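Which chain is which? The protein sequence lines are A and B, in order. Residue numbering for the first sequence follows numbering that gives the first Met the number 0, beginning at 0 and increasing consecutively. Residue numbering for the second sequence follows numbering that gives the first Met the number 0, beginning at 0 and increasing consecutively. Even for Gly, the Cβ is constructed at its ideal location relative to N, Cα and C. Note that the coordinates shown come from a computational prediction; the quantities given were computed from them, not determined experimentally. Taking it in order: structure first as structure tokens, then the write-up.
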Amino acid sequence: MPTNTLNDRTFQVNDEGFFTDRDEWSEELATDLAQLIGIEMDEEHWAPIRFMREDSAKNGPTPTLRRMQTVGGFDIKELYRLYPGKPAKKMAWIAGLPKPVGCV
Amino acid sequence: MRRLLILGAGTAGTMLANILRRELPDDWSITVVDKDNDHPYQPGYLFIPFGTSTPERVVKPRTQFLPKGVDFVQTGIRKVRAADNEVDLEDGRTLPYDWLLIATGAVPRPDLTPGMADGKLWYKKVFDFYTLEGSTRLHDALETFQGGKLLVQLTDMPIKCPVAPLEFVLLVEDYFRTRRIRHKVDITYVTPLDGAFTKPIASRELGHLLTDRSIRQVTDFALERIDNDRQVLVSYDGREQPFDLLVTIPLHTGQQYVFDSGLGDDAGFIPVDKKTLRSTAYDNIFVLGDASNIPTSKAGAVAHFAVETFVPNFLALIDGRPMPNSFDGHANCFVESGRGQALLLDFNYDTQPLTGTFPLAGVGPMKLLGRSRLNHLGKLAFEQIYWKVLLPGHKLPVPTLMSMAGKHEED
Numbered sequence: 000m001p002t003n004t005l006n007d008r009t010f011q012v013n014d015e016g017f018f019t020d021r022d023e024w025s026e027e028l029a030t031d032l033a034q035l036i037g038i039e040m041d042e043e044h045w046a047p048i049r050f051m052r053e054d055s056a057k058n059g060p061t062p063t064l065r066r067m068q069t070v071g072g073f074d075i076k077e078l079y080r081l082y083p084g085k086p087a088k089k090m091a092w093i094a095g096l097p098k099p100v101g102c103v
Numbered sequence: 000m001r002r003l004l005i006l007g008a009g010t011a012g013t014m015l016a017n018i019l020r021r022e023l024p025d026d027w028s029i030t031v032v033d034k035d036n037d038h039p040y041q042p043g044y045l046f047i048p049f050g051t052s053t054p055e056r057v058v059k060p061r062t063q064f065l066p067k068g069v070d071f072v073q074t075g076i077r078k079v080r081a082a083d084n085e086v087d088l089e090d091g092r093t094l095p096y097d098w099l100l101i102a103t104g105a106v107p108r109p110d111l112t113p114g115m116a117d118g119k120l121w122y123k124k125v126f127d128f129y130t131l132e133g134s135t136r137l138h139d140a141l142e143t144f145q146g147g148k149l150l151v152q153l154t155d156m157p158i159k160c161p162v163a164p165l166e167f168v169l170l171v172e173d174y175f176r177t178r179r180i181r182h183k184v185d186i187t188y189v190t191p192l193d194g195a196f197t198k199p200i201a202s203r204e205l206g207h208l209l210t211d212r213s214i215r216q217v218t219d220f221a222l223e224r225i226d227n228d229r230q231v232l233v234s235y236d237g238r239e240q241p242f243d244l245l246v247t248i249p250l251h252t253g254q255q256y257v258f259d260s261g262l263g264d265d266a267g268f269i270p271v272d273k274k275t276l277r278s279t280a281y282d283n284i285f286v287l288g289d290a291s292n293i294p295t296s297k298a299g300a301v302a303h304f305a306v307e308t309f310v311p312n313f314l315a316l317i318d319g320r321p322m323p324n325s326f327d328g329h330a331n332c333f334v335e336s337g338r339g340q341a342l343l344l345d346f347n348y349d350t351q352p353l354t355g356t357f358p359l360a361g362v363g364p365m366k367l368l369g370r371s372r373l374n375h376l377g378k379l380a381f382e383q384i385y386w387k388v389l390l391p392g393h394k395l396p397v398p399t400l401m402s403m404a405g406k407h408e409e410d
């Protein structure tokens, strides 16, 4: 497993750069990660990230966009505005969670 | 008399009824409930559109596979009242239980996407193949299709048999090649995930398959609705995909009674401990097969391995002993790749599909993550194994827990 270092903090990641240990995550680290992909974290950006972490801590898998909508009450179009292009993947990456996946 | 109630007589429910009737003493009653007497071999749905299987071959009476000494009640389920240990049925009866095993699976829900089941193109130009009716109607539509834009599109996870959409797109490519009109059909695979194959090793090994066969891929496409007038898919971020024929895999949920009973999560899947499959809310309820929320494939192979893990646990539990087994999420599946070949995948909760041989290290005879004729024949042979060996609950010569023997771990 590769180790990543960002602003003097190290953490384990998989081949695609996603955290492999959710406990190595912190909000400070997330803020720095977000900057790397051009996202300035504010309250609007934090809300879905916090939901993702709470939901996956309870249920296991990283929630899909639809689950973000039905359980978290987020508007999917709004998530696309906050995290353009690939919101599910970008949010999972910033939240220190596995990429939302199928089985293969 | 102790009362065991099994909801659902599909893959998991039928296996449970057969094995537990043999294992439990005669003073246990076993009752199985299902809404109809049609047991479908669901992997067969994949072949009906191409005319290589038929509805008659895929469906057999459920009662044919249930053992003597088990009561079969044919009616729908209205509600589980878990606090009272009772289940209300649609025919007005109420069945009490001491232990409840839920195996009622997952259902495709085309009604949950605007413009899908309620659109004028449904079963005219928009089809699913996850139901008998859908796959049968799709067969007719493919036969008359002379060319144009064909989309194979996945709405969201989880779905039953997550590899089936990929198998379908590879088989449909082969189908048009055989009909000699492949050059007139523009095939695109549309997925909300970021690739056709999502785990890195499978993706690397298999990713070239779609490209080699000139199948386009559109990724990160989260479907909002189908515009029937303009014949386009519309995503939440406003992208559009036009089609002449759409093969969609609708959202899946658990059964309606699960929602009505307050047993499920937002998608109607029942939360369980993923190692014991015991309901997190009620100690005398276990969930086998696709109806639970365990993070692995909703597929018959998983149901099979889960049942084999569960039975010794259950026997120990009713005997007052600790449960000996822990389910690892083991799944293995043949993936049809067209050209008379298939791949074999073997994986679990913690380990992604790897390359190597199966079930014997270095010997096989099956090759993992590689295409072969033998794998394809294995997939075809499995239909008979399913009816004759798996459903009656006989032991198959494959390990229940995933083994790393013969697998190539990455550096």
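- At a cut-off of 7 angstroms between beta-carbon atoms, Arg65 (chain A) makes contact with chain B.
- By the neighbour-count criterion, in which 16 or more other beta carbons inside 10 Å mark a residue as buried, Glu239 (chain B) falls on the exposed side.
- Taking 4 residues as the minimum length, the alpha helix (DSSP H) runs contained wholly in the region 245 to 286 of chain B are 255 to 259, in order along the chain.
- A distance below 7 angstroms between beta-carbons, with the five flanking residues on each side excluded, links Glu43 (chain A) to the following residues of its chain, in chain order: Leu81.
- For Gly133 (chain B), the secondary structure class from DSSP, reduced to helix, strand or coil, is helix.
- Residue pairing by DSSP puts Ser234 (chain B) in a beta bridge opposite B:Leu222.
- Along the region 144 to 222 of chain B, the alpha helix (DSSP H) occurs as fully enclosed runs of 4 or more residues at 163 to 177 and 199 to 211, listed in sequence order.
- Where Glu335 (chain B) is concerned, there is no enclosing alpha helix (DSSP H), although the beta strand (DSSP E) around it starts and stops at Ala330 to Gly337.
- Not a single CB atom of chain B sits nearer than 7 angstroms to the CB of Val12 (chain A).
- Those residues of the region 44 to 59 of chain A placed with their C-beta closer than 8 angstroms to a C-beta in chain B are Asn58 and Gly59, ordered along the chain.
- Note that the region 181 to 196 of chain B touches the region 205 to 224 of chain B; at least 3 beta-carbon pairs, one per stretch, sit closer than 8 angstroms.
- Contacts between Tyr79 (chain A) and chain B, judged by CB atoms closer than 7 angstroms, involve Tyr235 and Asp236 in chain order.
- DSSP places Trp92 (chain A) within a helical segment (H, G or I) once states are collapsed to three.
- In this structure, Ser291 (chain B) sits away from Ile284 (chain B), with a CB-CB distance that is not shorter than 7 angstroms.
- Per DSSP, the continuous beta strand (DSSP E) segment holding Trp27 (chain B) begins and ends at Trp27 to Asp33.
- Annotation for Ile76 (chain B): the continuous beta strand (DSSP E) segment containing it runs Ile76 to Arg80.
- The residue from B:Glu22, B:Lys366 and B:His38 with its alpha-carbon nearest to that of Pro311 (chain B) is B:Glu22.
- Residues of chain B whose Cβ lies closer than 7 angstroms to the Cβ of Glu26 (chain A) do not exist; the shortest such Cβ separation is about 25 angstroms.
- Identification of residues in the region 236 to 265 of chain B having a C-beta nearer than 9 angstroms to some C-beta of chain A yields Asp236, Gly237, Leu250, Asp264 and Asp265, given in sequence order.
- When only Cα atoms are considered, Leu232 (chain B) and Asp226 (chain B) end up about 6 angstroms apart.
- Note: Leu99 (chain B) is bridge-paired with B:Leu4 and B:Ile284 in the DSSP secondary-structure output.
- Between the region 345 to 354 of chain B and the region 50 to 67 of chain B, the count of C-beta pairs closer than 8 angstroms stays below three; the two stretches do not touch.
- Think of a sphere of 8 angstroms around the beta carbon of Met401 (chain B): no beta carbon from chain A falls inside it, the nearest being about 13 angstroms out.
- Taking a Cβ-Cβ threshold of 8 angstroms, none of the residues of chain A is close to Asn312 (chain B); the smallest such distance is about 20 angstroms.
- By the neighbour-count criterion, in which a residue is buried when 16 or more other Cβ atoms sit within 10 angstroms of its Cβ, Val334 (chain B) is buried.
- Not one beta carbon of chain A lies nearer than 7 angstroms to the beta carbon of Met115 (chain B).
- Identification of chain A residues near Ala221 (chain B) by a Cβ-Cβ cut-off of 7 angstroms yields Leu64 and Ile75, ordered along the chain.
- Residue environment analysis places Ser52 (chain B) among the buried positions, since at least 16 neighbouring C-beta atoms fall within 10 angstroms of its C-beta.
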